[in-house]
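Trainee:
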Amino acid sequence: QQPVQSPQAVILREGEDAVINCSSSKALYSVHWYRQKHGEAPVFLMILLKGGEQKGHDKISASFNEKKQQSSLYLTASQLSYSGTYFCGTEFGHSGAGSYQLTFGKGTKLSVIP
Amino acid sequence: EAGVAQSPRYKIIEKRQSVAFWCNPISGHATLYWYQQILGQGPKLLIQFQNNGVVDDSQLPKDRFSAERLKGVDSTLKIQPAKLEDSAVYLCASSPAPRNGGYTFGSGTRLTVV
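Order-wise, the sequence lines are chains A and B.
Reminder that position 18 of the first sequence reads as 18 in the numbering used here, one-by-one numbering, no gaps.
Reminder that position 59 of the second sequence reads as 59 in the numbering used here, one-by-one numbering, no gaps.
1) Could one say the Cβ of residue 94 of chain B lies closer than 8 Å to chain A's Cβ atoms, at least one of them?
2) When the distance is taken between beta carbons, is residue 58 of chain B closer than 8 Å to residue 67 of chain B?
3) What in chain A is Cβ-close to residue 45 of chain B, meaning under 8 Å?
4) Taking only beta-carbon atoms, is residue 7 of chain B less than 8 Å away from chain A?
5) Is residue 30 of chain A closer than 8 Å to residue 59 of chain A when the C-beta atoms are compared?
6) Specify, as a first and last residue, the run of the beta strand (DSSP E) that residue 56 of chain B falls within.
7) Between residue 113 of chain B and residue 25 of chain B, what straight-line distance do the alpha-carbon atoms span, to the nearest angstrom?
8) Using the C-alpha atoms, what's the distance from residue 87 of chain B back to residue 101 of chain A?
9) Give me, in chain order, the residues of the same chain whose beta-carbon lies closer than 6 Å to that of residue 48 of chain B; leave out the 5 immediate sequence neighbours on both sides.
10) Under 9 Å Cβ-Cβ, which residues of chain A neighbour residue 39 of chain B?
11) Using a beta-carbon distance below 8 Å, is residue 64 of chain A in contact with chain B?
12) Going by Cα to Cα distance, which pick from A:33, A:48, A:74, A:77 is closest to residue 115 of chain A?
13) Going by the CB atoms, is the gap between residue 3 of chain A and residue 105 of chain A shorter than 8 Å?
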């Protein structure tokens, strides 16, 4: 089951903040976040495991709300280099069929302008 | 550390022709994935290998797609015969098993079927 991402696209000026959401109708084991620039491979940003932890990577952080089966990616003080499409990937379990397998959302296109 | 290698980078074929893509994962990564990414969408899993065995190929159109991972290292994905709707970027990714982080993706092969 494909996770739902919102918004589909967002345009920011340098220095502004953004939030990208990822939600699932099925109980999650983990959520991954990736960024893909045009014509390039997706690059891993971070993984969040069930337990509601929050992680940070420079000025990009994320949270995982296990009760809502939702993760949010926070980009603060955006830079031009943050432009790209952000994908969340959801994982439902670590045993049985589908183990270690990510299902990706449709992506959120982020454009940062000067 | 060398990344995930894929070739060719681009391929243009006519419908009903056959094509093959090659992937060499990061050394020591037991798990290998092939994803199909249609323009404007998130990656969709086609097949997952662990070492040289297939873990999941439930979304692989087996009437035309095949994949193998001989000796548990590099892998080949083949399409025969190709259809117009197979036009997409084919991404290979690898991860250690058990996975304790994200996937590492290759740069992909952009296939155009005309």
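Note that CB positions come from ideal geometry on N, CA and C, so glycine has one too.
Mentor: In short, the structure shows the following:
1) Judged by the 8 Å Cβ criterion, residue 94 of chain B is not in contact with chain A.
2) no
3) 101, 102, 103
4) no
5) no
6) 53-56
7) 26 Å
8) A straight line joining the alpha-carbon of residue 101 of chain A with that of residue 87 of chain B spans about 23 Å.
9) 33, 55, 56
10) Chain A residues near residue 39 of chain B: none, gap ~11 Å exceeds 9 Å.
11) no
12) Here chain A has residues from 1 to 114 only, and residue 115 of chain A is not among them.
13) yes
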